[in-house]
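Student: Numbering (numbering that gives the first Met the number 0), first residue to last: 0 to 376.
We put the CB at the ideal spot given by N, CA and C, even for glycine.
It should be emphasised that the depicted structure is a prediction, and the values quoted were computed from it without experimental measurement.
Sending over a structure as structure tokens; questions will come in a sec.
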Amino acid sequence: MHSAKPRVLVLQTILPHYRVPFFRRLCESQAAEFTIAFGDARPSDSLQSADDTSGVHVRHLRNRHLPRTRAGGSLRWQSGALGPILRRDIDVVVAEGDLHCLSTLVAFGLCRLRRIPFILWWHGIGPQSLQWLNPLRVGWARRASALIFYDPERPKWFTERGIPAEKVFVTWNTVDTDTVASLAAPWSATQRHRILYVGRLIARKKVDLLLGGFEIAVSDLPPDTCLTIVGDGPEADPLRVRASDVGIADRVEFTGSVTNEAELAPYFNTSFVSVSPGYVGLSIIHSMAYGLPMLVADNEPHAPEIVALSPGANGELFASGDAEALAACLVRMCADQQAMARMSSAARETVARGFSLGRMVRAFEGAVVYSIRGQPR
């Protein structure tokens with residue numbers, strides 16, 4: 000006999016390091032027994048599965064990448080994903096709503112045949128979604144047992160098309176806010192001398208623009224101010240070369256990839272601002288959890304977490320693609336430490352109010368209970 004708690008299989012393409020704290024907390028749930036099934040990224044991918052998954056009940060899958068479609072997408076099959084459904088080893092499936100993952104589509108069909116609740120966890124419709132696939136998304140959402148979205152705005156498109164609102168659950172993306180709170184230092188202008196970027200070094204993140212803005216601003220910043228770039232990716236070497244070519248290599252620090260929170264904390268705690276020169280995602284929540292205001296490009300295909308930003312209150316915006324505008328903001332924010340202290344306090348409050356791990360877990364638990372009972376909350 001299995002546990003009295005419902006057994007939930009969560010299908011993930013990979014298990015990135017920033018998801019591990021959430022899944023650890025989810026696996027401690029008293030409402031259900033969660034298993035996280037995932038595969039490995041391709042060696043060339045900038046985001047890989049975490050090495051340390053301790054505390055997470057995991058099931059390893061094999062990701063098979065198929066030839067790219069004419070539309071440019073990469074199809075995928077996860078070997079091992081269907082076994083628990085065929086054996087009826089689980090009671091509920093939660094899966095990423097990715098139409099490119101063929102095994103997830105088959106898993107959905109099997110769950111329908113076997114009357115196993117199937118929950119979609121997704122963005123729904125995003126800025127870069129292929130519009131011709133929208134009828135498929137609506138049909139999928141209509142037949143799913145429950146839907147988990149990252150923000151309250153995306154579900155509206157679906158409810159306007161007849162998807163019942165009672166089966167919609169919202170869970171903001173977040174980091175391990177409790178651990179960050181224990182590591183975060185109070186704001187002190189005398190200890191802040193960094194401009195910080197934390198993220199992948201890929202073209203879409205536009206870290207070269209940040210380097211250009213810093214090059215313009217550096218003569219108007221205190222002499223101990225440095226640009227610290229935490230992360231790795233295909234743009235790392237070109238960025239190092241550029242920093243050297245323009246003569247600011249001694250003011251730019253490349254740390255490589257750092258994912259351990261205790262090792263990241265000193266960078267956040269000695270920075271007066273973090274910057275997202277391209278599109279922003281979970282990094283804005285990470286930064287604000289430390290009480291570190293973020294400077295964000297104003298016109299990029301941002302993830303839903305951008306709603307956390309209140310320009311002038313807990314961070315600032317600059318004109319996308321404009322290195323001069325970025326530089327001006329850096330100089331102004333560095334000079335006005337009283338305003339930055341106020342922004343720091345507001346940033347912490349923003350995260351504490353709406354982006355805790357506990358809220359994310361409760362949304363998942365609620366979706367599971369609803370999918371089993373088939374009735375409104």
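1. Which residue spans inside the stretch 125-158 form an unbroken beta strand (DSSP E) run of at least 3?
2. Report, in whole angstroms, the separation of the C-beta atoms of Val279 and Ile305, which I expect to be a contact under 8 Å.
3. Taking only three categories from DSSP, how would you classify Ile215?
4. Is the Cβ-Cβ distance between Leu10 and Val137 less than 8 Å?
5. Quick check: what's the CA-CA separation for Tyr289 versus Ala184?
6. How many angstroms separate the CA atom of Ala324 from the CA atom of Asp207?
7. On the three-state DSSP scale, how would you describe Glu262?
8. Using three-state DSSP, classify Ser309 as helix, strand or coil.
9. Take Phe21 and list the residues in its own chain whose beta-carbon comes closer than 8 Å to its own, dropping the five residues that flank it on each side.
10. Bridge partners of Gly314, per DSSP?
11. For Leu119, does the three-state DSSP call read helix, strand or coil?
12. What are the residues that DSSP puts in a beta bridge with Leu8?
13. What residue range does the beta strand (DSSP E) around His59 cover?
14. Can you give me the start and stop residues for the beta strand (DSSP E) that Ser45 sits inside?
15. With a threshold of 16 other CB atoms inside 10 Å of the CB of Leu281, please say whether the residue is buried or exposed.
Tutor: Quick answer:
1. 145-148
2. 6 Å
3. helix
4. no
5. 8 Å
6. 14 Å
7. Helix at Glu262.
8. Ser309 sits in coil when the DSSP states are folded into three classes, being neither helix nor strand.
9. Closer than 8 Å at the Cβ level, and outside the excluded window around Phe21, lie Thr173, Asp175, Leu356, Met359, Val360.
10. Met293, Pro310.
11. strand
12. Thr34, Val92
13. 57-59
14. Unbroken run through Ser45: none, as it is neither H nor E.
15. buried
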